[in-house]
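Participant: Mapping the sequence shown onto my numbering, position 58 (from 1) lands on 258, and the numbers just tick up by one.
Just so you know, even glycine gets a beta-carbon here, dropped at the ideal spot from N, CA and C.
Keep in mind it's a predicted model, so treat the numbers as computed, not measured.
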Amino acid sequence: MKKLFIDTLGCQMNKSDTERIIGMLSHFGYEQTQDENEADLFIVNTCAIRQLSVDKAYSRLGNWGKIKRENKDKNIKIAICGCVSNLEKESLLKKFPYLDLVFGTRNIYELPKLLEKINDERICALDDMPICENDYEIVREKSTNAWLPIMEGCNNFCSYCVVPYTRGRERSRSIEAILKEAKDILSKGFKEITLLGQNVDSYGKNLENKPNFAQLLKALDELEGDFRIRFTSSYPTDITDEVIDVVKNSKHICECFHIPMQSGNDRVLRAMNRRYDVEQYRQIVQKIRNNIKNVTITSDFIAGFPSETEEEFLDTIKAIDELQLDYSNTAAYSPRPITKAGKMTDLFIDDEEKKRRLAILNEKVKEASLKSNEKYIGSVLEILIDDVKDGVYQGRTRNNKVVHIQDDKKYEIGQFVDVKINRVTTWCMFGESI
Ligand code: SF4
201 MKKLFIDTLG CQMNKSDTER IIGMLSHFGY EQTQDENEAD LFIVNTCAIR QLSVDKAYSR
261 LGNWGKIKRE NKDKNIKIAI CGCVSNLEKE SLLKKFPYLD LVFGTRNIYE LPKLLEKIND
321 ERICALDDMP ICENDYEIVR EKSTNAWLPI MEGCNNFCSY CVVPYTRGRE RSRSIEAILK
381 EAKDILSKGF KEITLLGQNV DSYGKNLENK PNFAQLLKAL DELEGDFRIR FTSSYPTDIT
441 DEVIDVVKNS KHICECFHIP MQSGNDRVLR AMNRRYDVEQ YRQIVQKIRN NIKNVTITSD
501 FIAGFPSETE EEFLDTIKAI DELQLDYSNT AAYSPRPITK AGKMTDLFID DEEKKRRLAI
561 LNEKVKEASL KSNEKYIGSV LEILIDDVKD GVYQGRTRNN KVVHIQDDKK YEIGQFVDVK
621 INRVTTWCMF GESI
C-alpha cells in the first residue's frame, strides 16, 4: 500500500470530503498515515474563508515541498484541493513549482484517474461537474456522529463570502441517495447524523421533482432505530413553517437551529447583501421558540465589516442579548479580494479596532452561553455519551449542550442516558444520571 498524508482545514463539509477521499483511495492502493516522513502522496484540503486558513495551506505545501526535495528517489506527489483550489486555480502550479495536482471540490471522484496522469504532467482539474454518487466506502472519523452532505454550493452571494466562487451554485443530492447513505451510517453503529449544506433550506431546488428540506427531514425521521439527526446551516428567511413543524413533531430530529445573523444592524446587513433585517430575524427566532420546547438557536457574527460604525457594532451586541441566542461563532472580518466587500478597501476597519470589537463580541457570547446553560439547572435531559476523559463521561443533549456526568456509573460510548443537570459553567453542564 502507498501512504497518504491528508490535512484538512476548514468546515465540516471539508471534513466530509476528506472522509470520502480516504475511503475512495483505499480502493486504489493508498492507506492513510499520520507520519509525514512516510507519505507517498500529500493532500491539503483547503479553506478560503479567511486569509489565515489560506496561509496555513500554503505553509503545509512549503513543508511538503521540502520533504519532496529531500527524498528525490521516492516519487512523492503533492496535491491541493478544496476551496483555495477553486479560487486560485492554475496559478497555484506557478506559485508552488513542486505541486503536482490542483483539483476542485467537484472533482474528488476523479482523483484516481488524476493520480495516474500526474506521473507524466502537472494537472489542474476544476471541472464544473454534477454531484457524483458512487459506492466507494467512506472512512468516517471514529465518533458517535457522522457527517452527511445533502447539498453543496450557494446562490446567495453575501458580499463578504467566497463560497459561491469556491463551491459554485447550489446542487442537491437526491432523497434516495441521502437515505441510502443514512441507512449505511446507522448500520455502522453511528448514533447521530449531521446533515450538511451551506444553506440546507434551499435543499432540492435544483432537483427535477423539487423535494424540499421538510420532506427530506420527514423521510429521514421515518428510518428505524435509536439515533439523532442534526442539520446546519439555515438561512434565516428560508426557514419554512413546514420545517419548524417537522422538527417539532419528529422523533429523531434535534431541537437545534444554526441561523447565522452576521450583524444586528439593518444597514450593515444590507451592505452584506443579507436578504433580511433585524426584525425579520427576530420573528423567525420567536416563531421557532414559540413552537419548539428547549430549542437551541445558535448564530454567526462578523466584527468589523467594512464601514461598520461603533454604533452599528453595538447593535450586534444588543441583538445577542435581546434574541437570547444560545451560542454564536464569531470572527473579525477577513477581506476576500474576489468578493464585493473585499473590494471596499477604503472602508476597511483597522485591524486593531476589529480585534477590539471581536473581544467585546466574544465576551457577550460567553455571557449569553452561560445564561442559556443556567436555564437547564434542575432539568432532566437526554445525553448521548460520546467521550470519556479521566473517568468522566461526557456527551451532548439533543439541543447540543455538552454535559459531564458526575457519578460513579459506567457507560458505553453511544449510549443514551437521562441526566439531571446540577451545575453549569459557560461552556458545559454537569449532572448525574437518573
Ligand atoms: S449564505 Fe452562507 S455560504 Fe452562501 S454566500 Fe452567504 S455566507 Fe456564504
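1. Note down the Cα distance separating E642 from S572, rounded to an integer number of angstroms.
2. Buried or exposed for G262, going by 16 or more other Cβ atoms inside 10 Å?
3. Between which two residues does the beta strand (DSSP E) holding N245 run?
4. Going by the beta-carbon positions, is the gap between G425 and L386 smaller than 8 Å?
5. According to the neighbour-count rule (16 or more other Cβ atoms, all chains shown, within 10 Å of its Cβ), is V592 buried or exposed?
6. Is the distance from the Cβ of C628 to the Cβ of V588 below 8 Å?
7. Taking buried to mean at least 16 other C-beta atoms within 10 Å of its own C-beta, is P436 buried or exposed?
8. Would you kindly check if the distance between the Cβ of R220 and the Cβ of I318 is under 8 Å?
9. What residues in its chain sit with their C-beta under 6 Å from that of N697, if we drop five residues either side in the sequence?
10. Which class does W347 belong to by DSSP, given the choice of helix, strand or coil?
11. Expressed to the nearest angstrom, what Euclidean distance is found between the alpha-carbon atoms of L293 and N271?
12. Which word fits L225, buried or exposed, when buried means at least 16 other C-beta atoms lie within 10 angstroms of its C-beta?
13. Quick one: Cα of E479 to Cα of E567, how far?
14. Going by Cα to Cα distance, which pick from T366, F296 and P349 is closest to R322?
15. Any idea which residues DSSP pairs I267 with across the strands?
16. Looking at the unbroken alpha helix (DSSP H) that takes in Y481, where does it start and where does it end?
17. Say whether the stretch 340-347 touches the stretch 367-374, bearing in mind that this needs 3 or more beta-carbon pairs closer than 8 Å, one atom from each stretch.
18. Is C281 helix, strand or coil by DSSP?
19. Is L584 helix, strand or coil by DSSP?
20. Using C-beta distances below 6 Å, list every residue in its chain close to I375, excluding the 5 sequence neighbours before and after it, in chain order.
21. Have a look at H227, R269 and L314 and flag the residue whose alpha-carbon is nearest the alpha-carbon of M201.
22. Would you call the stretch 441-458 and the stretch 606-618 in contact, with 3 or more CB pairs under 8 Å?
23. Consider the C-beta atom of Y476 and the heavy atoms of the ligand SF4; say whether any pair is separated by less than 7 Å.
24. Given V400, which residues of its chain have a CB within under 8 Å of its CB, disregarding the five upstream and five downstream residues?
25. Nearest CA to the CA of E442: which residue from R475, S463 and I488?
26. If you measure from each residue's Cβ to the nearest non-hydrogen atom of the ligand SF4, which ones come out under 5 Å, in chain order?
27. If you reduce the DSSP assignment to three classes, tell me which class N399 lands in.
28. The alpha helix (DSSP H) that contains G425, what's its start and end?
29. Could you check whether N245 and C281 sit closer than 8 Å to each other, using their CB atoms as the reference points?
30. Using 8 Å as the threshold, is the stretch 576-586 in touch with the stretch 555-562, meaning 3 or more CB pairs across them?
31. What number of angstroms, rounded off, separates the C-alpha of M461 from the C-alpha of R536?
32. Taking DSSP's pairing of strands, which residues face Y527 in a bridge?
33. Which residues in the same chain as S216 place their Cβ atom closer than 7 Å to its Cβ, once the five residues preceding and following it in sequence are excluded?
34. State the Cα-Cα distance for the pair R306 and N622, rounded to the nearest angstrom.
35. Just to confirm before moving on: does the CB-CB distance between T394 and Q212 stay below 8 Å?
36. With a cut-off of 8 Å on the beta carbons, I'd call S528 and F501 a contact; round off their distance for me.
Facilitator: Taking the definition as stated:
1. The structure shown does not extend to residue 642, since the chain is modelled only from 201 to 634, so the question has no answer here.
2. Burial call: exposed.
3. Residue range L241 to T246 is occupied by the beta strand (DSSP E) that includes N245.
4. Note that the C-beta distance between G425 and L386 is below 8 Å.
5. V592 comes out exposed.
6. Taking a C-beta distance under 8 Å as the contact criterion, C628 and V588 do not qualify as a contact pair.
7. Buried is the call here.
8. Cβ distance not < 8 Å, so I318 and R220 don't count as in contact.
9. In this structure the chain extends from 201 to 634, so residue 697 is not present and cannot be described.
10. Under the three-state reduction of DSSP, W347 is assigned to strand.
11. The alpha-carbon atoms of L293 and N271 are separated by roughly 20 Å.
12. Answer is buried; the Cβ neighbour count reaches 16.
13. Going by the C-alpha atoms only, they are around 23 Å apart.
14. Minimum Cα distance to R322 is reached at F296.
15. I267 has no beta-bridge partner at all, per DSSP.
16. Its alpha helix (DSSP H) spans residues V478 to N491.
17. Taking 8 Å as the limit for Cβ pairs, the verdict is that the stretch 367-374 does not touch the stretch 340-347.
18. Correct three-state label for C281: strand.
19. Note: L584 maps to strand in three-state DSSP.
20. Here the set comprises P411, L416 and A419.
21. Distances from the CA of M201 to each of H227, R269 and L314 were compared; the closest alpha carbon is that of H227.
22. Three or more beta-carbon pairs separated by less than 8 Å are not found between the stretch 441-458 and the stretch 606-618, which leaves the two stretches without contact.
23. The ligand SF4 never approaches Y476 closely enough for any of its heavy atoms to be under 7 Å from the residue's Cβ.
24. Excluding sequence neighbours, V400 sits near I350, M351, F413, F431, T432, S433 and S434.
25. Comparing Cα-Cα distances from E442 to each of R475, S463 and I488, the minimum goes to I488.
26. Residue list for the ligand SF4: C354, N356, C358, C361, V363 and Q398 (CB closer than 5 Å to any heavy atom, chain order).
27. Coil at N399, not helix or strand.
28. No alpha helix (DSSP H) contains G425, which DSSP labels as neither H nor E.
29. Yes, the pair counts as a contact, with Cβ atoms nearer than the cut-off.
30. In this structure the stretch 576-586 does not touch the stretch 555-562; the number of beta carbon pairs closer than 8 Å is below three.
31. Just so you know, the alpha carbons of M461 and R536 end up roughly 19 Å apart.
32. As DSSP reads the structure, Y527 sits in a beta bridge with T498.
33. Counting only Cβ-Cβ distances below 7 Å, and skipping sequence neighbours, we find W347, P349 and L396.
34. For the pair R306 and N622, the Cα-to-Cα distance works out to about 48 Å.
35. With respect to the 8 Å criterion, T394 and Q212 are classified as neighbours on the basis of their beta carbons.
36. Indeed they touch by this definition, with Cβ atoms about 5 Å apart.
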